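Below is one structure, written out as structure tokens; the observations come after it.
Laid out in structure tokens, this is it:
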């Protein structure tokens, strides 16, 4: 953990929640990859957040009532986290995953702790220790070697262009997710369910708009004949990956902070 780890009784619970969310998300990438035989990344993201958005809204209404949907002076951070953080991250990740290998995507996403430390430095003005900076540099070099397969700059053109694009999109998704974590970790006093719901709803709006544009550009692909065979995969990435995963993540995030959660 970082030197800024808060010492309070809920810290252990926060660590457990963030760790559980990470395990669920780690399993969803290869599961999601198998669903691309039936639909594209845009459509998969729509399915995930239509299902998750409805589930979150119903759960929040049931648990906390209609008043919990009020933004209570937090409209700006909610919209920022929901659109540029959650919505962009979800789209970029699954479009990128459709172009690259899941094992490479996992390695790229492993840069998030380093990104979170840099984000904390930028936002709060707290520079990481020198040793941490060295580790961050090594992490970025290591991921670069994996993505480029160790070839020199002059040989990059020999790599598969679509896969490199996919890796770049996954990297952007990781950056967007770190932004989401930094913003939502500051929403003290709100339950994990409320944070998850109120950020998922604007994310869904962004996702639907992008899907509509992709559809107009003929970039959407849905194979109705194959779709039933991947229903369980879509159920996992929607209910487990988004609903359960985000609930656990936001619970952990509020207890231990963005950098510790990423670790």
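Residue numbers (my numbering): 9 to 271. Quick reminder that beta carbons are idealized off the backbone N, C-alpha and C, glycines included. Note that this is a predicted model, so its numbers are computed, not measured.
Minimum C-alpha distance to residue 55 - residue among 65, 20 and 99: 99
Delimiting residues of the alpha helix (DSSP H) encompassing residue 79: Note, residue 79: premise wrong, no alpha helix (DSSP H); not H, not E.
Presumed contact (8 Å Cβ cut-off) between residue 193 and residue 262, rounded CB distance: 7 Å
Nearest neighbour of residue 45, chosen from 97, 143 and 238 [CA to CA]: 238
Cβ of residue 73 within 8 Å of any chain B Cβ: In the displayed structure, chain B is absent; only one protein chain is listed.
Between the CA atoms of residue 110 and residue 28 - distance to the nearest angstrom: 19 Å
Closest by C-alpha distance to residue 127, when choosing among 71, 102, 189 and 106: 189
Residue ranges of each alpha helix (DSSP H) within the stretch 197 to 241, 4 or longer: The alpha helix (DSSP H) runs of length 4 or more contained entirely in the stretch 197 to 241 are, from start to end of the chain, 200 to 224.
Straight-line gap, residue 198 to residue 72 (C-alpha atoms, nearest Å): 11 Å
Residue of 183, 50 and 69 minimising C-alpha distance to residue 106: 50
C-alpha gap between residue 241 and residue 40, whole angstroms: In a straight line, the C-alpha of residue 241 is about 6 Å away from that of residue 40.
Contact set for residue 96: own chain, Cβ-Cβ below 8 Å, skip 5 residues either direction: Taken in chain order, the residues that qualify are 180, 181, 184 and 214.
Where the alpha helix (DSSP H) through residue 255 begins and ends: 253 to 264
Residue 232 classed as buried or exposed, judged by whether at least 16 other C-beta atoms fall within 10 angstroms: exposed
Range of the contiguous alpha helix (DSSP H) that encloses residue 53: 49 to 72
As assigned by DSSP and simplified to three states, the class of residue 152: helix
Distance between residue 212 and residue 77 (C-alpha atoms, nearest Å): 16 Å
Between the CA atoms of residue 251 and residue 119 - distance to the nearest angstrom: 24 Å
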